[in-house]
Structures are given as C-alpha cells and as structure tokens.
Amino acid sequence: MELDMTVYDELKETTGSDFVDELVETYLDDAPKLLGELKSSMEAQDVEAFRRAAHSLKSSSATFGARGLSEMARELEMLAKENNLSEAATKLPALERALHSVETELKGLRQ
Amino acid sequence: MTAIHEPGHLLVVDDNRVNRLLLIHGLEQEGHDVAYAENGRQALDMLASRPFDLMLLDIEMPVMNGFQVLEALLADPNFRDLPVIMTSASDELDRVVKCIEMGAEDYLTKPLNPVLLRARVNASLEKKRLRDQQRKLLHTFAMPEVADELMKNGLTLGGKHVDASVMFADIRSFTAIAETQDPADTIGLLNDYFALMFDAVTAHGGIPNQMAGDGLMAVFGAPVAHEDHCERAVRAALEMMENLAAFNAQQASLRKVQIRIGIGVASGVMIAGYTGTQHRAQYTCIGDTVNLGARLEQHTKVAGCPILIDANTRSGLPEDIAIEPLGPVLFKGKQQSVDVFSVRVPGG
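First to last, the sequence lines map onto chains D and V.
Taking the working numbering, the leading residue of the first sequence gets 387, the next gets one more, and so forth.
Taking the working numbering, the leading residue of the second sequence gets 720, the next gets one more, and so forth.
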C-alpha cells in the first residue's frame, strides 16, 4: 500500500469526492509527464530541469498521501541540488515503480 | 470577536496543476473570486491588467520564481502593498523565511491544511482592508506625499535634517478686507484663494503644510527629496502669481474685492518632522532657514516686490528665471544682514 489513507480520506472529506476525482485525474495526467521530464533531463544532464520536476512530483504526491513516493522525489530533488545526477540516476527506477503503484491505487479509489 | 469575511479578489500563482486546483477550490469554497497564473511572469502581467487583494505565491516555478516576483512587487509602488502569502513545500522553510524578510506577509505549507488556508487568507484580507481604510483617511486629511510617507514608514514624531526650500505666502491687508466684507464672503474668498495656491504648490511637488488665517506655509524637497527644490519653489511662486492675476480679473468682472499677496522663499538645511501627538500631527519644518523664509515674506511689503528669495534659493535657479538683487537687509533678530533677491513676475 503506497497511499496513506488517512491523508486521502481527509482530502476527500474537506474538499468533496467529486473534486478529489478531478484532482486525481489531474495527477494521473501530470505525474507521468513529470516522470518523462525526470528521464529526459537526466539524459540531457539538465540539473535544473531535473530538480524542478522532482520538486513538483514531491509536492503533488504528498497531497494524496503518497508519502513513500513523495520522499523518493524529495531525495532526487536534494541530489540535484548537490549536482549529483549520477546517484539520482540509480534511484530513478525505484521511484518509477512507486509511481506506478500509486497510479494503480488511485485509479482503484476513483468512483 | 467574529470577523466578517468579505470575498476578495485573489491571485493564485503555482506551476503545479494539482496544487493550483486544490488552492483555487479551497478559496472558491470560501466565496472568493480566484484567478491563477502558471508562473511569475504571467502573474505580473495579470496584476497589471486588474486589481487583486491578495496573492498566493509558490516559490519554485519556471520562467520567474517566487523570489523574483516578490522583488518585482517591492520595486513597483503600485504593487508594493499587495499582501503576499507564500505557499511552499514543508522542507523549504529557510526559503520561506527569506521571503518573509523580503516582505511577504505570511506563508502556508503544502499539502495545504484547509483550516489554516481559510484563517491566513481571511486575516490577510482583513489587514489589507484596514490598511486601505487607513490610507483613505490619511489621504483625506494629509497631502498625498505625507500620507505615502506615513504609510511607508509609520508615524514617527522624530525629526531629521533635510535640504529643502520653504515658502511663506500671505494676503496683503487681509484684516482690512475681512472687515469690509460679509463673513461668509470672507471665508469663500479664502477658500478660493487657498484652492488656487494649493494647485500651484502641489503642481511643483510642494507640500502646503500649514495654513493660519490667510497665511500659507509650504515646503519643497521634503519629506520626498527633490534636488531642484529651489527651482520648484520659485516656479510655484510664479504660478501662484499667475493664478492670482486670473483670479483678480474674475473678481474685477464680478465687482468683487481683489487681493495682493507676498511670497518669501528661503532654502537650506532645516529640521523636518511631524509635530503633534500620535492622534493629531502635522508635517512641519523649523530652523533659521524657515525663519528667514517668513521674514522675507514680511519684507515684500517694505520692498514692494511680490516674491523675495534668499541667496541659497537664487543659486539653485536656472537662468530663465529673472532675478533682481536688492542688496543686503538686516532682519530683526538676526546678527548678520542677508542678501535679498526679487523674482521678476512676467507681466507683473
């Protein structure tokens, strides 16, 4: 289980389930794009773009309670800040797996 | 205490769609009118197109980040007072601190807590309303420059030395005029006169800071510094004479009383500040230069010239202003005589 359901349920309670569905749609739309940016900026060795994509993924993943994924994205952001893209590269596959699990879980939660 | 929460016009600036949607949704649920921008540049463009009460600003953004937006806002007098709440990740508190130091009003960490969001937004809007009210009141009772300075720096009654020009203007034989007129006519005459003089003074960046009876005192070059304060003061004096000539022509056509005035201008270092109490204060200047300005105004009766200035003022004037030296004059209460100059009034 990647999602912290307390966070997810609280989000649903405070904003309404229709809105959460819309928010999940947006996330499912944007998160793969951010993963794509992480990969392409890694290829291009563009530290700034890599850092920004990691920052964005960290932030939106936390919204749904995807703590593990958010933490992994944070690590990548930190590594980019330290200009250490080679270590970040070793961590990218694990992040990709976590993201896929989160996507699957979120899709299952949609009404 | 229950605060009344009126809806505000808010601008959400965030490049992350999920964050943006969440913010907009939370704010719209509170009844606010919400617009959004995807980066700093877009946000500044939107600010220029219509007014907003509050901005919620992300730090990490492409094109133009939160720091750059804050900098741009602070540099622009139109946006300097726009309250900004930073919205940031919880692990970037050091950057939030920098934003608060730069002038941001408050912050929220993401993921957003809806209760905190509501509280901080409403508190910021409330503060802005109070500030706007205060500004409106100040502008009713004080000159715009003084009001702006008060808004910016707060009311400190302490003084400072400024290099400025001070002007005194008085109506000749006003007591005699007042005695021959109906009281309502006298007040009407004074109001018309002051309106004309104020126009001339403020048109040249001066601040009319004291009115006593038929007398007017104005300062040029403080509280907002103007390097050319001497020229501004003298050009204002000339415009006052011009306005007065038009006013007298109108009075003559109505068979009403005409007035003559004397103006004295002195320049140099003076002490400027707010005098009074926290509840009622006025911007004023004191010192030898100010006394000299008053003496020069009184001397216009003796010299028979409407505008008299001192040597300091004269040295700050361009050549196109015609000056006539009247020689040294020993004023009452002064140890040394002072060189006095008359400013020629075109057509006068």
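We put the CB at the ideal spot given by N, CA and C, even for glycine.
Check	Outcome
Which full runs of the alpha helix (DSSP H) of 4+ residues lie inside the segment 803-846 of chain V, going along the chain?	812-821
Below 7 angstroms on C-beta distance, what does V/H744 contact in chain D?	T401, F405
Output the boundary residues of the alpha helix (DSSP H) element that contains V/E757.	Note, V/E757: premise wrong, no alpha helix (DSSP H); not H, not E.
Quick check: the Cα distance between V/G932 and V/T921, rounded to an integer number of angstroms?	20 angstroms
By the three-class DSSP mapping on this structure, what secondary structure does D/G494 have?	helix
Just the chain V side, please: which residues come within less than 9 angstroms of D/A448 by C-beta, in chain order?	A808, S809, K829, P830
On the DSSP letters alone, give me the boundaries of the alpha helix (DSSP H) that D/E463 sits inside.	453-467
Find out if the Cβ-Cβ distance for the pair D/L409, D/L485 is shorter than 9 angstroms.	no
For V/V737 and chain D, any beta-carbon pair shorter than 9 angstroms?	yes
Give me the subset of the segment 779-798 of chain V whose CB atoms are less than 7 angstroms from a CB atom of chain D, sorted by chain position.	E779, P781
By the criterion of Cβ-Cβ separation under 9 angstroms, what are the contact partners of D/H486 in chain V?	What D/H486 touches in chain V: nothing, since even the nearest Cβ is about 18 angstroms away.
So that I know if they touch, is there some Cβ in chain D lying closer than 9 angstroms to that of V/L835?	no
Going by the DSSP bridge assignment, what does V/Y993 pair with across the sheet?	V/Y1002
Tell me the DSSP secondary structure of D/S442 in three-state form.	helix
Looking at the structure shown, is V/P942 part of a helix, part of a strand, or coil, going by DSSP?	coil
Compare the Cα-Cα distances from V/L741 to each of V/G785, V/E725, V/N832, V/L792 and report the closest residue.	V/N832
Can you tell me which of the three DSSP states V/F887 falls into?	strand
Would you mind reading off the limits of the alpha helix (DSSP H) that contains V/E950?	948-972
Against V/L773, what residues of chain D qualify as contacts under a CB-to-CB distance less than 8 angstroms, listed in chain order?	What V/L773 touches in chain D: nothing, since even the nearest Cβ is about 21 angstroms away.
Buried or exposed: which applies to D/A452, given that a residue is buried once 16 or more other Cβ atoms fall within 10 Å of its Cβ?	buried
Is there a Cβ from chain V that is less than 9 angstroms from the Cβ of D/E408?	yes
Using CA atoms only, rank isn't needed, just tell me which of V/F1060, V/M805, V/M821 is closest to V/V738.	In the sequence under discussion, the amino acid at residue 738 of chain V is Asn, which differs from the Val named in the question. Selected option, being the one with the closest Cα: V/M805.
So what does DSSP say about V/I982, is it helix, strand or coil?	strand
For V/S843, which residues in the same chain have their Cβ closer than 7 angstroms to its Cβ, ignoring the five residues on either side in sequence?	L773, P802, I804, E824, D825
Under 8 angstroms, with one C-beta from each stretch per pair, do the segment 456-468 of chain D and the segment 436-447 of chain D reach the 3-pair mark?	yes
Closest to V/M886 by C-alpha separation, out of V/K855, V/Q929, V/T899, would be which residue?	V/Q929
If you compare alpha carbons, which of V/A968, V/N967, V/I1026 is closest to V/A955?	V/I1026
Taking the straight line between their C-alpha atoms, what separation do you get for D/E423 and V/H945?	53 angstroms
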